[in-house]
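Numbering (this note's numbering), first residue to last: 17 to 258. Even glycine gets a Cβ: it sits at the ideal position worked out from N, Cα and C.
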Amino acid sequence: MNGLFIEKFDTDLKEFDIQLSEVQKRQFIQYYDLLIEWNSFMNLTAITEPEDVLKKHFLDSVSIIKAITNLPELSWNLIDIGTGAGFPGIPIKILFPNLNITLLDSLNKRVNFLNEVITKLKLENIVAIHGRAEDYAVQGKLRETFNLSVSRAVANLSTLSEYCLPFVKNGGYFISYKSDKASDELDNARKAIKLLGGAYKSQIEFKLPNSDIYRNLIVIEKEKNTPKEYPRKSGLPSKKPL
Numbered sequence: 017m018n019g020l021f022i023e024k025f026d027t028d029l030k031e032f033d034i035q036l037s038e039v040q041k042r043q044f045i046q047y048y049d050l051l052i053e054w055n056s057f058m059n060l061t062a063i064t065e066p067e068d069v070l071k072k073h074f075l076d077s078v079s080i081i082k083a084i085t086n087l088p089e090l091s092w093n094l095i096d097i098g099t100g101a102g103f104p105g106i107p108i109k110i111l112f113p114n115l116n117i118t119l120l121d122s123l124n125k126r127v128n129f130l131n132e133v134i135t136k137l138k139l140e141n142i143v144a145i146h147g148r149a150e151d152y153a154v155q156g157k158l159r160e161t162f163n164l165s166v167s168r169a170v171a172n173l174s175t176l177s178e179y180c181l182p183f184v185k186n187g188g189y190f191i192s193y194k195s196d197k198a199s200d201e202l203d204n205a206r207k208a209i210k211l212l213g214g215a216y217k218s219q220i221e222f223k224l225p226n227s228d229i230y231r232n233l234i235v236i237e238k239e240k241n242t243p244k245e246y247p248r249k250s251g252l253p254s255k256k257p258l
């Protein structure tokens with residue numbers, strides 16, 4: 017990746033009131049290079065052109081700043097459920113190093129990639145875990161230990177809420193990244209959100225800077241503990257949404 021693309025990325029970030037340091041620029045370039053290298057022998061992303069990766073993966077990931085504007089000042093614990101190639105968790109970590117981040121993914125090969133990125137970029141207070149949300153959202157593991165749970169995974173909001181809300185402590189938030197107008201999806205998920213101890217807070221709709229790419233963030237606050245029977249056993253949240 018040449019410097020022209022990272023400068024465009026820097027320009028886009030200014031619309032979020034973010035300015036990259038030289039270290040952060042190098043880290044994003046390294047991340048892109050590792051993504052393309054590993055993508056040559058395993059399926060990480062269908063998006064590979066530098067400008068597209070910067071816009072549709074990196075910029076999209078850090079758009080969470082529109083939902084939590086004081087994120088740079090917080091020392092929260094954040095978990096990224098179904099992180100895949102590290103989105104949104106790793107771009108968030110690069111921009112907001114104050115956060116303590118856990119990346120959770122069910123495929124060990126992707127976790128190996130994430131660990132390579134963490135090592136090469138010299139990121140601290142971030143860990144990649146191989147496992148399923150259903151297995152880690154239990155008492156004695158990671159249940160209700162995070163201020164913030166995020167996911168860009170492709171699933172309906174009811175399913176994502178069952179995977180993500182059990183990880184959030186009371187007073188924390190689950191934020192779902194959506195690429196379409198999710199009003200109907202939100203209406204269908206309201207019962208599940210309430211059952212799982214959450215409450216709808218806001219839906220933030222916007223276009224990524226200098227593009228026609230529509231995005232929205234659905235913000236759910238955790239108001240009370242998730243009943244112990246949730247999440248259900250593996251597969252049920254997606255096969256039979258609440």
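Cut-off 7 Å between Cβ atoms - residues of its own chain near residue i, not counting five sequence neighbours on either side
i	result
residue 213	181, 238, 239, 240, 241, 242
residue 226	28
residue 188	162, 163, 164, 238
residue 148	122, 250
Residue environment, residue i, which counts as buried when at least 16 other CB atoms sit within 10 Å
i	result
residue 133	buried
residue 178	buried
residue 39	exposed
residue 215	exposed
residue 57	exposed
residue 20	exposed
residue 156	exposed
Contact set for residue i: own chain, Cβ-Cβ below 6 Å, skip 5 residues either direction
i	result
residue 137	43, 46
residue 141	116
residue 197	none
residue 111	78
residue 208	174, 177, 258
residue 139	109
Same chain, Cβ closer than 8 Å to residue i, five either side skipped, listed in chain order
i	result
residue 223	229, 230, 231
residue 22	36, 41, 44, 45, 70
residue 247	149, 150, 153, 178, 179, 182, 253
residue 94	105, 108, 115, 116, 117, 118, 162, 163, 164, 165, 166
Residue i CB to nearest heavy atom of the ligand ADP below 7 Å
i	result
residue 52	Because no ligand of any kind appears in the structure shown, any question about the ligand ADP cannot be addressed here.
Beta-carbon proximity check, residue i vs residue j, cutoff 8 Å
i	j	result
residue 158	residue 190	no
residue 97	residue 169	yes
residue 201	residue 233	no
residue 145	residue 176	no
residue 17	residue 68	no
residue 81	residue 25	no
DSSP bridge partner residues for residue i (one or two, in chain order)
i	result
residue 167	192
residue 70	None; residue 70 has no bridge partner.
Give the list of continuous beta strand (DSSP E) stretches no shorter than 3 residues that lie fully inside the stretch 203–244. 214–223, 230–238
In chain order, what are the residue ranges of uninterrupted beta strand (DSSP E) at least 3 long that sit wholly in the stretch 105–153? Correct list: 116–121, 142–146.
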